[in-house]
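Number of protein chains: 2
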Amino acid sequence: MPAPIRAVVLLSGGLDSAVTLACARADPDGPRACHALSFDYGQRHRSELRAAARVAEHLGAAEHRVVAIDLRAIGGSALTGELAVPKRRADEPDPSGPARIPVTYVPARNLTFLSIAAGWAEVLGAPEIWLGVNAVDYSGYPDCRPDFIHAFERVLAVGTRAGVEGRALRVRTPLLHWSKARIIREGAARGVDFSLTRSCYDPDEAGRACGACESCVLRARGFDEAGVIDPTPYSADATRPARRGAP
Amino acid sequence: MPAPIRAVVLLSGGLDSAVTLACARADPDGPRACHALSFDYGQRHRSELRAAARVAEHLGAAEHRVVAIDLRAIGGSALTGELAVPKRRADEPDPSGPARIPVTYVPARNLTFLSIAAGWAEVLGAPEIWLGVNAVDYSGYPDCRPDFIHAFERVLAVGTRAGVEGRALRVRTPLLHWSKARIIREGAARGVDFSLTRSCYDPDEAGRACGACESCVLRARGFDEAGVIDPTPYSADATRPARRGAP
Chain A
1 MPAPIRAVVL LSGGLDSAVT LACARADPDG PRACHALSFD YGQRHRSELR
51 AAARVAEHLG AAEHRVVAID LRAIGGSALT GELAVPKRRA DEPDPSGPAR
101 IPVTYVPARN LTFLSIAAGW AEVLGAPEIW LGVNAVDYSG YPDCRPDFIH
151 AFERVLAVGT RAGVEGRALR VRTPLLHWSK ARIIREGAAR GVDFSLTRSC
201 YDPDEAGRAC GACESCVLRA RGFDEAGVID PTPYSADATR PARRGAP
Chain B
1 MPAPIRAVVL LSGGLDSAVT LACARADPDG PRACHALSFD YGQRHRSELR
51 AAARVAEHLG AAEHRVVAID LRAIGGSALT GELAVPKRRA DEPDPSGPAR
101 IPVTYVPARN LTFLSIAAGW AEVLGAPEIW LGVNAVDYSG YPDCRPDFIH
151 AFERVLAVGT RAGVEGRALR VRTPLLHWSK ARIIREGAAR GVDFSLTRSC
201 YDPDEAGRAC GACESCVLRA RGFDEAGVID PTPYSADATR PARRGAP
């Protein structure tokens, strides 16, 4: 039996990256030996890192590493503590308008994370990086779009040892064109325990979701549309996000 | 008088990045307001960071920030402590051969540093990132080549807020096609105090150069060819790199 293909999988502790890891573990061309990578970047929602460790173990990753990087030194996002996380209900429009990039955008975050993942993939001799970006319910982040992924693969082809030596790294993005509801259904089909995942941008001390931030709203809507019960714990004073058609 | 154009300048404390900062400060289109950026990435040669701070002040940078990033968590390079730094004399060929990428290559390092610089440039509203890469005396690193820089600019155009909003970031690389000797002459013409810069991959406790690593060898050869005296201090037991034509 040939050795399994190695893959670096970016794992945030959220729903999308957990489903991405499950896809890599259940790939039709053989389960990948998954080297899960998370970042401690001064994020408000550090319960993500504990969730990532649990998800990595649950889905049989070969290992899980956390790279510390102090993005607070360059500031600029609600997710690293400089601005307030906006709250809105599912039925409210984004006050910044649909064409705006939200304040929770961390400048060049996916680019930075992919770059470090590429470095680790080179060290491991892994030909693939898996990333849970999504261009449907993508919150308006420019680094979640197909054009970005393609341009980044070109950078890897010309700017890494692996690329120069003819072993260009691929960026695998199975969720790219899936709705949030489909992501949840595909994850459920691959045995993802959603109770281990965290999506909230502003959880309480115990890691329970606020129910009001953009990420909570998108998650609740996705579970609603998928017809799946979300086992996420909510904080005591949270208003559970409104469900379409609920009384 | 219009406000000066802001620029993020990657500053390692070495010779090339110091000359790059000097070029940004003396640009024909007006001196840039330079926001110097260094990385504490677990490098062996941490005297680089002290040198970077001195160089930033000497050349009138608007500020100097250091982002901590623990690349040791993913290993893989002599510069982050996993492998021994190779020593050779200027007149010895590289034993790994001219086509090989040396062990001092840090996987995807420039890619990672440029990505974080792009994030800071977005926060600052700076339209330029300046980087001291060089494709002539470039030590065989794949992320020092023009193709890499162009591919990275494409990533910035499609994957950042600035790019999406029509303010694509430029990567300025004035040293790209200069010989080491020309870099030294251009730096001297712009008033760079080379005694503040550090190039050695393996300095002693006091930050003095070893005289034997690849970086020391390239530097000595460059000063020799430029006809400029290098004020770099060498460690007591160092063999100062051989000069061409010296007795």
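As they're listed, the protein sequences go chains A and B. The first sequence maps to residues 1 to 247 in this note's numbering. The second sequence maps to residues 1 to 247 in this note's numbering. C-beta: ideal position from N, C-alpha, C; glycine also.
| message | Quick check on this structure: which residue in Ala61(B), Ala18(B) and Pro233(B) has the alpha carbon closest to the alpha carbon of Gly207(B)? | response | Pro233(B)
| query | Which residue from Ala117(B), Ala108(B), Arg72(B) and Lys180(B) puts its Cα closest to that of Phe148(B)? | reply | Ala108(B)
| request: Check whether the Cβ of Glu122(A) lies closer than 8 Å to any Cβ atom in chain E. | output: Here the protein chains are A and B, and chain E is not one of them.
| query | Do you know how far the Cα of Ile229(A) is from the Cα of Ala110(B)? | reply | The sequence given here places Asn at residue 110(B); Ala does not occur at that position. When rounded, the distance between both Cα atoms is 44 Å.
| field | Residues that DSSP places opposite Arg172(A) in a beta bridge | value | Trp130(A)
| Burial state of Pro28(A) (16 or more Cβ within 10 Å) | exposed
| task | Decide if the segment 210–225 of chain A is in contact with the segment 171–178 of chain A; the criterion is three or more beta carbon pairs, one per stretch, under 8 Å apart. | result | no
| Any idea what DSSP makes of Cys200(A), helix, strand or coil? | coil
| request: Check the Cβ of Thr160(B) against every Cβ in chain A and list those closer than 8 Å, keeping chain order. | output: Pro107, Ala108, Leu111, Pro142 and Asp143
| said: When you compare the CB of Ser115(A) with every CB in chain B, is at least one pair closer than 8 Å? | reply: yes
| request: Determine whether the Cβ of Asp16(B) lies closer than 8 Å to any Cβ atom of chain A. | output: no
| field | Backbone CA spacing between Ile129(A) and Gly14(A) [nearest angstrom] | value | 17 Å
| task | For Pro231(B), I'd like the list of residues in its chain whose CB is within less than 7 Å of its CB, leaving aside the five on either flank, ordered along the chain. | result | Phe194 and Ser195
| field | Residue burial classification, Arg198(A) (beta-carbon count within 10 angstroms, cutoff 16) | value | buried
| field | Given 8 Å, three or more beta-carbon pairs between the segment 160–173 of chain A and the segment 35–47 of chain A | value | no
| Are any of the Cβ atoms in chain B nearer than 8 Å to that of Ala62(A)? | no
| request: Could you name the residues of the same chain whose beta carbon sits closer than 6 Å to that of Leu59(B), not counting the 5 residues immediately before and after it, in chain order? | output: Leu21, Ala22 and Arg25
| field | Identity of the residues DSSP links to Ser235(A) by a beta bridge | value | Ser235(A) pairs with nothing; no bridge assigned.
| query | Smallest Cα separation from Thr115(B): which of Val66(A), Leu10(A) and Asp143(A)? | reply | At residue 115(B) the sequence reads Ser, which differs from the Thr that was named. When only C-alpha atoms are compared, the closest one is Asp143(A).
| said: Does Cys34(B) come out as helix, strand or coil in the three-state DSSP assignment? | reply: strand
| Taking C-beta to C-beta, are Arg32(A) and Pro2(A) nearer than 8 Å? | no
| field | Simplified DSSP state of Glu57(B), which is helix, strand or coil | value | helix
| query | Using a beta-carbon distance cut-off of less than 8 Å, what residues from the segment 64–75 of chain B approach chain A? | reply | Arg65, Val66, Val67, Ala68, Ile69, Asp70, Leu71, Ala73, Ile74 and Gly75
| request: Between the Cα of Ser179(A) and those of Leu71(A), Arg65(A), Gly222(A) and Ala36(A), spot the shortest distance and give me the residue it belongs to. | output: Gly222(A)
| query | Residues bridged to Leu69(A) by DSSP? | reply | Looking at the sequence provided, one finds Ile at residue 69(A) rather than Leu. Per DSSP, Ile69(B).
| Range of the contiguous beta strand (DSSP E) that encloses Leu10(A) | Arg6 to Leu10
| Under the three-state reduction of DSSP, which class applies to Ala209(A): helix, strand or coil? | strand
| said: Just to check my reading of the structure: Val155(B) and Arg145(A) have Cβ atoms closer than 8 Å, yes? What is that Cβ distance to the nearest angstrom? | reply: 11 Å between Cβ atoms; not a contact.
| Rounded straight-line distance, which links the Cα of Val164(A) to that of Arg185(B) | 32 Å
| task | Note down, in chain order, each residue of its chain lying with its Cβ closer than 8 Å to the Cβ of Arg190(B), except the 5 sequence neighbours on either side. | result | Val19, Ala22, Cys23, Arg25 and Ala26
| request: Could you tell me the distance, in whole angstroms, from the CA atom of Ala212(B) to the CA atom of Ala162(B)? | output: 43 Å
| task | Measure the C-alpha to C-alpha separation of Ala7(A) and Ala52(A) and round it to an integer number of angstroms. | result | 16 Å
| said: Just verifying my parser: in three-state terms, what is the DSSP assignment at Asp40(B)? | reply: strand
| Through-space distance from Ala36(B) to Ala90(B), alpha-carbon basis | Since pLDDT at Ala90(B) reaches only 42, below the 50 mark, its modelled position is unreliable, and the value read off the structure follows with that caveat. Those two C-alpha atoms are separated by around 32 Å.
| request: Could you name the residues of chain A that Ala118(B) contacts, counting a contact when the two beta carbons are closer than 9 Å? | output: Pro107, Ala108, Leu111 and Thr112
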